[in-house]
C-alpha cells in the first residue's frame, strides 16, 4: 500500500508540475490585466523547441533554454497584439494557440520527423536530494524528482513573494485593477503588462518543454492535449493566488496519476480506458462549477488600456 | 446597394491584404522548412484547390463542415459567448446522425431529415451544457466547451471500439461503426466525386442565421446582450434563457458538420471525423473559428471565408503529394492568417472611426 502511495504521489507531482508552471505564468499575465488564452500554443512551441534543440545538441539544458526563449517570444507577440494593438485578448489568445499548434507540428514534420525512425531524446533523470530522499513516503514523492520538478515547486513561493510582497507586485496589481489610476501614479502600464505577459510565455514554454524532456522523450503533434486550458482553468480555480494554484495542480496531478495507475491495472479498463482518460477534463468542469463564483479576478482583466481614455 | 457600402469594401480590401501578408510569411516558412519556393508551392495549392472538377469538389467538401462550425461560432460570438466546442459538437452530431440513420425505419428523404434533426439535437444538448453553466453559474464557457471536446472524443472513441463497433469483415482493423444504409447517405451531386448536398444545406443555414440574427426580435435580443449584457438586462431581457437558446442553436448548427461527415463522407461513425487528413493536430474546429473571424463574425461573411479555408485544405493535400510538403504547412498558414487578422483589426477600427 505504501508503495502505491509513493508511486502515485511521485507520478502525481511529476504530472502536476507543468500545469503548475503554466498556471503561474498565466497568473502573472492575468494579474496585470491580460487574459492569455494562448498558453496551449505557447506550451506546444516550448515543447517543440525544447525537443528539437535537445535532439540536435543532446543537451537538456540548451533544450530548456530554447523553450524559455521561444516561450518568451510567443509572450512578446501576445503582448504586442493585446497591449500595443489593443486586440481583443480572447481572440488574440486563440490565434496564438492555433499558430503554435500549426507551427509546432510543421517544425516537427519538416525538421525532425523521418518515416523510418521515431526520434527520441533521453529525458531528465531523477536527482535525489541527499538526506531528504531517504525519508519514508515523503522522500520518494518529493525529493527524488527531476530538476524541473523542483524548479516548478520553488516557483510557487517565488511568485508569491514577487506578486504580493514587493513594490513591483503591487504595481502589477494596480495595473490589473485600475490601469488609469496606476498610470496617473506614474506606473508604466504598458511596460508592466509586457513584462508580465512575457513571463507568462516563458513559464508556458518551460511547461511545454516538460512534456518531451521529462515525461516522454519524444514529441507528438498536439501533445499538450488541452493542458494549457486546464492550466488556464486552474488560475480561476485558484482564485488568482499562487498557493491555491499549487493545491489545484497537485489535485489534478494526483487524479491523473490515479487514472494512469488504474489503466495499468488492466481488468475492465482494458476496454474502457477512455473513461479514465476523460477524468481530468470532467474534473476541470466540476472544479469550475464549484469554485468559479468566488471573486478575485483583476478588475481590468481583458480590458485594453488606452492612454487618456477613449 | 447596401452591400457595397464604402465601409464594407474597405474592410474586405484590408482583409484580402492581410491574408496575402499571411501567405507571404507562410511561403517563407515553407521555403525555410522544405526548400520549396513559395510560387511553386502555392502553384500546387491553387491547382489542388481549383485545378479540375475533383479539386473544386474537394474544396467544397472541406468547406462544408468548416462553414457549419464557423456558423456555430458566429452565432454564439454575436451574443458575446465564445463557443470553442466545435469539435465536441461535431462528434456528438456525428453520433446523432449515425443513430438516426442506422436505426430509424424511414424512407430516404424523410430519413435524411431525421439524420440532420438528430445531429442537431445531439449537438444542441452538448452545446447547452456550456450555455447552462455560463448562464446559471457564470462558469467560463471557453473552458467548458474545450473540455467537452475531449470528453466527446473519448465517448465516441469508446463507442466505436466497443458497443458500436462494426462487423470485422467491414471495418477490419479500423475503429469505426458499421456502415449506414444507403438511404441514410447524403446524396452526392456528381458521380465519382465526393461533393454532397451538405454544402448547400450549410449555405441555406447561413442565410437563415443571417435572417434570424438581423431580422427577428430574437436576433435583436441576442445582439443586444452581446453588445451590453447590463443594458439588455435593464431593458427587461431574460439573459439566462437567451444565453441557453443561443448555445442550443450554436451547438446544433456545429453538430450538422458531424452529420455532413458521417452521412456525407464516411457513411460510418469514427472517432477521427473532427480532425481531417488523419492528423489529430488541427481539427475542423480550429479552421472554423478562423473562418468565423475572417468572415467578421457575420453569417454571410463566413460563406466565402469557409470556402477559402476549404481550398487551403484541398490544396494542401496536393502540396503534400506533389511536393512532399508536410500537410501541417496548411495549419501554419491558417494560424498566420488568424494572427494577421487579429493584428489588422486596428486598421479596420481606424477607418471605421473616421
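Chains as they are written, first to last, in the working numbering: chain S, 63 to 372; chain A, 3 to 356. Glycine included, C-beta positions come from ideal geometry on N, C-alpha and C.
Look at residue 306(S) here: in three-state DSSP terms it is helix. Secondary structure of residue 307(A) (DSSP, three-state): helix.
A direct Cα-Cα distance of roughly 22 Å separates residue 274(A) from residue 114(A). For residue 345(S), the number of other beta carbons within 10 angstroms of its own is at least 16, and it is reported as buried. The count of Cβ pairs closer than 8 Å, one atom from the region 36–51 of chain A and one from the region 169–177 of chain A, stays below three, leaving the stretches out of contact.
Under the criterion of beta carbons closer than 8 Å, residue 51(A) and residue 317(A) qualify as touching, at roughly 4 Å.
Closest in C-alpha terms to residue 345(A), from the list 148(S), 117(S) and 259(S), comes 148(S). With contacts defined as CB atoms closer than 8 Å, residue 286(A) and residue 68(A) qualify as a contacting pair. Collapsing the DSSP output to three states places residue 240(A) in coil. Residue 291(S) has a beta carbon lying within less than 8 Å of a beta carbon in chain A. Within the region 157–178 of chain S, 157, 158, 159, 160, 161, 162, 163, 164, 165, 166, 167, 168, 169, 170, 171, 172, 173 and 175 place their CB atoms closer than 9 Å to a CB of chain A, listed in sequence order. In terms of Cβ geometry, residue 153(A) and residue 90(A) form a close pair [threshold 8 Å].
Under the Cβ distance rule, residue 295(S) counts among the residues neighbouring chain A, one pair being separated by less than 8 Å.
Residue nearest to residue 267(A) within the set 186(A), 244(A) and 292(A) is 186(A) (criterion: CA-CA distance). Using a CB distance cut-off of 8 Å, residue 72(A) does not count as an interface residue toward chain S.
For the pair residue 71(A) and residue 290(A), the CB atoms are nearer than the 8 Å cut-off. Scanning the region 130–174 of chain A from its first residue to its last, the whole alpha helix (DSSP H) runs of 4-plus residues come out as 143–163 and 170–173.
Chain-ordered, the chain S residues with CB closer than 8 Å to the CB of residue 336(A) read 160 and 164. Under the Cβ distance rule, residue 302(A) does not count among the residues neighbouring chain S, no pair being separated by less than 8 Å.
Only residues of its own chain outside the window of five on either side were considered, and among them 114 have a CB closer than 8 Å to the CB of residue 173(S), listed in chain order. Boundaries for residue 81(A): no alpha helix (DSSP H) harbours it, and the DSSP string shows neither H nor E there. Going by DSSP, residue 219(A) is part of the alpha helix (DSSP H) stretching over 219–229.
Counting only the Cα atoms, residue 350(A) lies some 44 Å from residue 309(S). Within the same chain, and ignoring the five residues on either side of residue 166(S) in sequence, the residues whose Cβ sits closer than 6 Å to its Cβ are 106, 107 and 110.
Using a 10 angstroms sphere on the CB of residue 256(A), the tally of other CB atoms reaches 16 or more, which defines it as buried. Per DSSP, reduced to three states, the secondary structure at residue 176(A) is coil, with no helix or strand assignment. If only complete runs of 4 or more residues are kept, the region 54–127 of chain A shows the alpha helix (DSSP H) at 55–80 and 88–105, in order along the chain. With a cut-off of 8 Å on Cβ pairs, the region 54–68 of chain A is in contact with the region 183–201 of chain A, counting three or more such pairs.
Sixteen is the threshold: when 16 or more other Cβ atoms of the shown chains lie within 10 Å of the Cβ of residue 347(S), as they do, the residue is buried. Put simply, the CB of residue 23(A) is far from chain S, with every gap to its CB atoms at 8 Å or more. Scanning its chain for C-beta atoms nearer than 7 Å, with the 5 sequence neighbours on each side dropped, one finds around residue 73(S) the residues 319 and 322, in chain order.
Within 10 angstroms of the beta-carbon of residue 305(S) lie fewer than 16 other beta-carbons, which makes it exposed.
Just measuring C-alpha positions, the residue of 162(S), 317(S), 90(S) and 80(S) sitting nearest residue 340(A) is 162(S). Sequence-distant partners of residue 80(A) (beyond 5 residues in either direction) whose C-beta falls short of 7 Å from its own C-beta, in its chain, are 215, 224, 225, 228 and 299. Rounded to the nearest angstrom, the gap between the Cα atoms of residue 275(S) and residue 181(A) is 42 Å. Annotated three-state conformation of residue 268(A) is helix, per DSSP.
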